[in-house]
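Chain order of the listed sequences is A and B. Using full-length UniProt numbering, the letters of the first sequence correspond one by one to residues 1 to 365. Using full-length UniProt numbering, the letters of the second sequence correspond one by one to residues 1 to 365. Before any comments, here is the structure.
Protein chains: 2
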Amino acid sequence: MADPIEHFWAVIPAGGAGTRLWPLSRAGAPKFLRDLTGSGRTLLQGTLDRLEPLVEDRFLVVTGASHADAVAAQLPGLDPSAIVAEPSARDSMAAIGYAAALLERRDPDAVMGSFAADHVIEEPQVFRRTVAQATELAREDWVVTIGIDPTFPSSAFGYLHLGEAIEGHASGYRVLSFVEKPSEVTARRYLASGEYRWNAGMFVVRPTVLLDLLAESDPDFAAALRALAAAPDTIGEVWPTLPKIAVDHAVAEPAADAGRVAAVPASFGWDDIGDFSSLAALLGAGTAPRPRAVPVVLGDESLVTAVHSTGLVVPAAGKPIAVVGLDDVVVVDTPDALLVTTRDRAQDVKAVVAALKSAGRADLT
Amino acid sequence: MADPIEHFWAVIPAGGAGTRLWPLSRAGAPKFLRDLTGSGRTLLQGTLDRLEPLVEDRFLVVTGASHADAVAAQLPGLDPSAIVAEPSARDSMAAIGYAAALLERRDPDAVMGSFAADHVIEEPQVFRRTVAQATELAREDWVVTIGIDPTFPSSAFGYLHLGEAIEGHASGYRVLSFVEKPSEVTARRYLASGEYRWNAGMFVVRPTVLLDLLAESDPDFAAALRALAAAPDTIGEVWPTLPKIAVDHAVAEPAADAGRVAAVPASFGWDDIGDFSSLAALLGAGTAPRPRAVPVVLGDESLVTAVHSTGLVVPAAGKPIAVVGLDDVVVVDTPDALLVTTRDRAQDVKAVVAALKSAGRADLT
């Protein structure tokens, strides 16, 4: 186990509807509140489990007001003050920036790491070693990202373009730029070059560095966050006035242009479970030309009868399911809604959520 | 409407597990007890509705003892004595032969027609006109079958090979032989020749002719049936001793060899709903290269959200179902079991029933 890192705080943004994982993920019960790996722990619980050896009880979980009770119920060991409830969703800069402003006041020596509540990481020891290396760079005022060694030319992830190694840090590299999700052809070129890593959306930084970088592009925003941290009771009035912008655009990309971003490359298994095809892969369904001979099951395998089928079956309604003659199928049966699709079409599940909303069935989304 | 035909009796064998329609059809609730067309009437009710103008109340419904109560409940207008309960399943010769023996005693001028309880017929007037023609041939001691004009080279139905027209009967033809389900190639040759019709498994015959034909091949069997009809109380002892054989093999095929079988060709829409692909076609799903653009729904259409999908969806559990990116899919959701397959693999659904039985889940079959 890794040793705790003094003054290191984990900020956990717990948001996102996860519409591509409907009907497992709902607006009222998003994926971070679900056990999507069959581990017995939800993604949120898994995220805290993974970080606890590094931060002990130094957590801030930032979540929507409507999820705060569910988050507290899933984390009974967490001090209630560690849960920061957003009155409304205002994108990641507001959520993470507010956490930074709170920590800046609470602990002048703080280094914070931001880790989404709905990712899956397979080798927690490697993850923690990587994060520990990142904190060392962060103490020298770098904005530090984690760059995952790509295992295939994914067009579903963003990439980090790495430059030279940073002197005095065996594991740190300059980040030349952030790259949005590329085409598969471009992604193949990235892999061949050896200069690109998956952007896992994690970063480690001193709160003051983060807020000062924000102040360079939007001083009012940074000032508003710092004022709010000084008077948390005003959140009801202040929050709706904050800009809706992602931390990537507000801080990370300008900082990369300014040569202030570092990356620690790492090779732990990582996935953000963007859709059911990712979930199937994560659960071991394999991919063509080597799929697993039977569907993977998330839940009680004894409920599933499969004949000449591959893919993913989720018997979450507790009801027996038979699948006959379908390759790469996705069957998700919940108590109040059933989805049937294929891994190829997994991205289109969000169209169902849109269709249900326009049909007046927002209650199911 | 057709006029009633004096002394014409309808015998309705109501049996068969319909395992290829699992989970809609179960051992405890077979397909004849189900409304599979969305008409508001079960297949059994539809069968009697169709025949009532010809026979008025002259019905005998032969069914398993375990289904007798359900049959009676679905047919409240039927005299309870018209339901003949078989103590156990002993194939169609015992079921239909016993009905023949009962009718032979009850009405010496009887002509009986045997019509399965689980077929669908689209033009009842044409059907009744055809049956009326068949009764005329039956009064001259022919075993009369109905030969449906094939609309495509089906390999799922048996065929009748027709010979010459029967003198004095504009619509009657000699049947040279019964042919088991052919390959599709053979079926195409049958259609091209114009000499073959689908064997709809219906026949019209005088009870005495049927039993005398049986007596030619198995005199003990015919005698046992006649003795049973004279003493119905002995059914508990007699029934288990009766041979298990289909009426086709016991009587119809030998009678065809002996030149005793006639056919009345007809062109009414007919299907025995052998599997979910047949059911999809019956409900208007179309077939490649002209499928319907959205899945057909058996049940409440408002429960189904389909994105780029075709096939059949049955929301019998009353739960919303979303289908994304699957062609010719079959989704059957019932309160205690869910099936997902394709129209191509519809015949393999029986493998699920076998798998459930061997997994100790016969309760679901």
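Don't be surprised by glycine CBs; every beta carbon is placed ideally from N, CA and C. These figures come from a predicted structure and were not determined experimentally.
* To do: Rounded to whole angstroms, what's the CA-CA distance from E123 (chain A) to G269 (chain A)? Just pull it up for me.
  => 6 Å
* Asked: Per DSSP, T145 (chain B) forms a beta bridge with which residues?
  -> B:F203 and B:A263
* Can you list, in chain order, the stretches of the beta strand (DSSP E) that have 3 or more residues and sit fully within the UniProt domain "MannoseP isomerase/GMP-like beta-helix" (306 to 356) of chain A? -> Within the UniProt domain "MannoseP isomerase/GMP-like beta-helix" (306 to 356) of chain A, the complete beta strand (DSSP E) segments of 3 residues or longer fall at 311 to 315, 321 to 324, 329 to 334 and 337 to 342, listed in chain order.
* Asked: Using 9 Å as the limit for Cβ to Cβ distance, is G16 (chain A) near chain B?
  -> no
* Relative to the C-alpha of R174 (chain A), which residue among A:S183, A:E180, A:L160 and A:P182 is closest? -> A:L160
* Who are the Cβ neighbours of H308 (chain B) in its own chain at under 6 Å, not counting the five residues just before and after it? -> G325
* Whole-number beta carbon distance between A263 (chain A) and R197 (chain A), since they are thought to touch under 8 Å -> 6 Å
* Asked: What does a CB cutoff of less than 7 Å around F157 (chain A) pick up in its chain, not counting 5 residues either side in sequence?
  -> K181, W198 and N199
* **C-alpha distance - D35 (chain A) paired with A29 (chain A), whole-angstrom precision** => For D35 (chain A) and A29 (chain A), the gap between their C-alpha atoms comes out near 11 Å.
* **Cβ contact check for the segment 60 to 73 of chain A and the segment 204 to 222 of chain A: 3 or more pairs under 8 Å** => Contact between the segment 60 to 73 of chain A and the segment 204 to 222 of chain A is absent, because fewer than three Cβ pairs lie under 8 Å.
* Asked: Along chain B, in chain order, which residues have C-beta atoms closer than 9 Å to that of T135 (chain A)?
  -> Going along chain B, no residue has its Cβ under 9 Å from T135 (chain A), so there is no contact; the nearest lies around 43 Å.
* Asked: Around the C-beta of D333 (chain A), are 16 or more other C-beta atoms found within 10 angstroms, so that it is buried, or is it exposed?
  -> Classified as buried, D333 (chain A) has 16 or more neighbouring CB atoms from the shown chains inside 10 Å of its CB.
* Nearest neighbour of I148 (chain B), chosen from B:I121, B:E164 and B:E136 [CA to CA] -> B:I121
* So which residues on chain A does V331 (chain B) lean against when the C-beta distance must stay under 8 Å? -> Here the neighbours are L338 and V340.
* Is DSSP giving R119 (chain A) helix, strand or coil here? -> Looking at the sequence itself, residue 119 (chain A) is His, so the reference to Arg does not match. The answer is coil: DSSP assigns H119 (chain A) none of H, G, I, E or B.
* **Three-way DSSP call (helix, strand, coil) for E301 (chain A) in this model** => helix
* To do: Throw me the rounded Cβ distance for the D118 (chain A) and I273 (chain A) pair, which I believe falls under 8 Å.
  => 7 Å
* Asked: chain A beta carbons: is any one of them nearer than 9 Å to that of I321 (chain B)?
  -> yes
* Asked: In chain order, what residues of the same chain have a beta carbon less than 7 Å from the beta carbon of A100 (chain B), not counting five sequence neighbours either side?
  -> M112, P207, L210 and L211
* Could you have a look at P13 (chain B) and say whether DSSP puts it in helix, strand or coil? => P13 (chain B) sits in a strand when the DSSP states are folded into three classes.
* Show which residues of chain B have a CB atom less than 8 Å away from the CB atom of D348 (chain A). => V307, H308, V324 and G325
* To do: Could you check which residue in A:A354, A:A351, A:G38 and A:A281 has the C-alpha nearest to that of P315 (chain A)?
  => A:G38
* **CB contact flag (A317 (chain B), P320 (chain A), <9 Å)** => no
* For the putative contact between L225 (chain B) and A255 (chain B), defined by C-beta atoms under 8 Å, what is the C-beta separation to the nearest angstrom? -> That pair is no contact at about 17 Å.
* Nearest-angstrom Cα separation, counted from P265 (chain A) out to A192 (chain A) -> 16 Å
* To do: For S81 (chain A), decide whether its Cβ has a neighbour in chain B, counting only Cβ atoms nearer than 9 Å.
  => no
* Asked: Given L228 (chain B), which residues of its chain have a CB within under 7 Å of its CB, disregarding the five upstream and five downstream residues?
  -> The answer, listed in chain order, is Y98, A101, T234, I235 and V238.
* To do: With DSSP as the reference, please indicate the residues paired to R174 (chain B) in a beta bridge.
  => B:A262
* To do: To the nearest angstrom, report how far apart S358 (chain A) and R343 (chain A) are at their CA atoms.
  => 25 Å
* N-terminal and C-terminal residue of the alpha helix (DSSP H) that S114 (chain B) is part of -> No alpha helix (DSSP H) holds S114 (chain B); the beta strand (DSSP E) holding it covers V111 to S114.
* Compare the beta carbon distance of T365 (chain A) and R26 (chain A) with 9 Å and say whether it is the shorter of the two. => yes
* **First and last residue of the uninterrupted alpha helix (DSSP H) at A230 (chain A)** => P219 to A230
* **Any non-hydrogen atom of the ligand SAM closer than 8 Å to S277 (chain A) Cβ** => Absent from the structure shown: the ligand SAM. Ligands present: none.
* With distances taken between CB atoms, is the gap from F59 (chain B) to I146 (chain B) smaller than 9 Å? -> no
* Return helix, strand or coil for T151 (chain B), following the three-state DSSP convention. => coil
* Express the C-alpha separation of G201 (chain A) and G64 (chain A) in angstroms, rounding to a whole number. => 19 Å
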